[in-house]
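Protein chains in written order, with full-length UniProt numbering: chain C, 1 to 254; chain E, 1 to 254.
Even glycine gets a Cβ: it sits at the ideal position worked out from N, Cα and C.
Every value quoted in this text rests on a predicted model; they were computed, and no experiment measured them.
Each remark here refers to the structure printed beneath this line.
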DNA sequence: AAGTGGTCTAGACCACCAT
DNA sequence: TGGTGGTCTAGACCACTTC
């Protein structure tokens, strides 16, 4: 007789987990400024009751909100909104891979189609057995004005597959890693990035509509799959008048 | 009579939670390369048995490892090491506040003690009611060679407290936010950062031993407390021959 | 069919904060 | 004293992978 009432409702296939639905609801409310100015959010017990889910499920939802820095919790007191949203555009996933895939509102323009080349140093850094790498060059545009040029290097086989897939348009929204992901889902697990300032190379300057020899931002990114194998190496030059590297940081989640 | 055996062992005060102990154990093993080369890690059931804890507690430990990108999990298959550790120095908390507090191996040198100044634009950005801000200037050194200069701005009261606390040495390891945290623990919850390339300002160039007008990296950071109130504004110029901004990214945790 | 990780529950005890 | 979040358990069902 411990049954029938208070039993878990089975979840349809393709339906999101309960904690993700609660997460989404709370996130919407936060974005609407519902709990601004230090007001306390509903307690776990309250939400557990209201949504008809266990306290652990509610906690799971809060975990994600805390990890994103949208909310902070004080034992014995309650849960409060972080109010980060007030300060400029809040990116959902702070400093994460997805930010690079997004580049919201920008377009890419292929300047050099994918081709095989011999590049010893690049091949070494991609941990390839030979010197042959696949290379391509593209520009990024915002409102039709170019702000960055990127040289992309891939292992030859991957370059081959990318070329065949036609996932990369000659011009349009999207990114190389976005294209890679489209036919190899989950292939990219992480990346290293090194950013520095250099005089803009002479051949790059006109492409990003920038004065010769002026300071520009240079970003070098190496993408890895889950096994730690390099998947892509990208070197970008940005016109600093049109682009700055933005990053939001937060304290580590408890 | 549901008791006595299989009952939870109560945890002493000041003792770490069980899931954190398991997390630490697994992390050590990972750092030793125990599960390298795609070997599968122990399953939840296995660890649950071995450590005498429930499966949920084991899951909690794995959650943190996944969030750090040290490990990835495949439903139906198992848990595997990410092998990110192979690629250069792995920072524990990727792109998080703690990275800025660390600046491992570097020192700071105070060039201008804290003083009150009238700075309209800065005060506005710190959301202060008046134009008065507390300002200080410091250099960062690595192996006695200066690589960056930072101008720091604080709300006047906070500057006052910092000056009185003497938490900031004239020279030595440490950072301003580290000093702030020392007498206001948990005060800093997040930060925004904007990085761009500029010609090095004439007065800054000699301080970072860099040629006049050459490209340098400019980082502007705004720190916030949990309520979203700005706590500090820092503008840094880096000698790109001696310093590059490094960042590791990873996919969002599941 | 057996094993894996993903989700979820109902209940418990704790330390801490408010009153 | 009652409410809050933090930890933990024992057990359940699921989808998916492997055999």
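Amino acids of chain E, ordered along the chain, whose beta-carbon sits closer than 7 Å to that of residue i
| i | result |
| --- | --- |
| residue 255(C) | Nothing can be reported for residue 255(C), as the shown portion of chain C is limited to 1 through 254. |
| residue 151(C) | Chain E residues near residue 151(C): none, gap ~18 Å exceeds 7 Å. |
| residue 54(C) | Within 7 Å Cβ-Cβ: nothing; residue 54(C) doesn't reach chain E, min ~12 Å. |
Neighbour-count burial assignment, residue i, 16 or more Cβ in a 10 Å radius
| i | result |
| --- | --- |
| residue 17(E) | exposed |
| residue 170(E) | exposed |
| residue 118(C) | exposed |
| residue 121(C) | exposed |
| residue 68(C) | buried |
| residue 232(E) | buried |
| residue 43(E) | exposed |
| residue 218(C) | buried |
| residue 213(C) | exposed |
| residue 92(C) | Confidence at residue 92(C) is low in this model, with a pLDDT of 39, below 50, so its placement is unreliable and no value can be given for it. |
| residue 47(C) | buried |
| residue 64(C) | buried |
| residue 159(E) | buried |
| residue 173(C) | exposed |
| residue 89(C) | Its pLDDT being 37, under 50, residue 89(C) is placed unreliably by the model, and the measurement read from it follows with that caveat. Exposed: under 16 other Cβ atoms inside 10 Å. |
| residue 145(E) | exposed |
| residue 247(E) | buried |
| residue 22(C) | buried |
| residue 116(E) | exposed |
| residue 123(E) | buried |
| residue 24(C) | exposed |
Proximal chain E residues relative to residue i, where beta-carbon distance stays under 8 Å
| i | result |
| --- | --- |
| residue 240(C) | 196, 197, 198 |
| residue 215(C) | 197, 198, 199, 214, 215, 216 |
7 Å Cβ shell around residue i - same chain, five flanking residues per side excluded
| i | result |
| --- | --- |
| residue 128(C) | 155 |
| residue 215(C) | 197, 199, 240 |
| residue 194(E) | 220 |
| residue 59(C) | 44 |
Bridge partner(s) assigned by DSSP for residue i
| i | result |
| --- | --- |
| residue 138(C) | 110(C), 150(C) |
| residue 232(C) | 223(C) |
| residue 80(C) | 40(C), 72(C) |
| residue 172(C) | 108(C) |
| residue 55(C) | Looking at the DSSP assignment, residue 55(C) forms no beta bridge with any residue, so it has no partner. |
| residue 237(C) | 149(C), 218(C) |
| residue 133(E) | 117(E) |
| residue 324(E) | Since the first residue of chain E shown is 1 and the last is 254, residue 324(E) is not available in this structure. |
Per-residue contacts from residue i into chain C (C-beta, under 8 Å)
| i | result |
| --- | --- |
| residue 69(E) | 189, 190 |
| residue 27(E) | Under the 8 Å cutoff, chain C gives no residues; its nearest Cβ is about 14 Å from residue 27(E). |
Own chain partners of residue i with C-beta closer than 6 Å, once the 5 adjacent residues on each side are dropped
| i | result |
| --- | --- |
| residue 106(E) | 140, 142 |
| residue 204(C) | 149, 237 |
| residue 176(E) | 152 |
| residue 39(E) | none |
| residue 41(C) | 35, 79 |
| residue 137(C) | 111, 112, 151 |
| residue 53(E) | 18 |
| residue 77(E) | none |
Contact list for residue i against chain C, beta-carbon separation under 9 Å
| i | result |
| --- | --- |
| residue 246(E) | 192, 193, 194, 195 |
Neighbour list for residue i in chain C, Cβ cutoff strictly below 7 Å
| i | result |
| --- | --- |
| residue 41(E) | What residue 41(E) touches in chain C: nothing, since even the nearest Cβ is about 13 Å away. |
Cβ shell of residue i (< 8 Å), same chain only, five flanking positions each side left out
| i | result |
| --- | --- |
| residue 125(C) | 222, 230, 233 |
| residue 165(E) | 179, 182, 183 |
| residue 72(C) | 66, 79, 80, 82 |
Got a sec: which bits of the region 187-213 of chain E sit with their beta carbon under 8 Å from any beta carbon on chain C, in order along the chain? 188, 189, 190, 191, 192, 193, 194, 195, 196, 197, 198, 199
In chain order, what residues of the region 163-184 of chain C put their CB closer than 7 Å to some CB of chain E? none
Which residues, in order along the region 120-150 of chain E, keep a beta-carbon less than 8 Å from a beta-carbon of chain C? none
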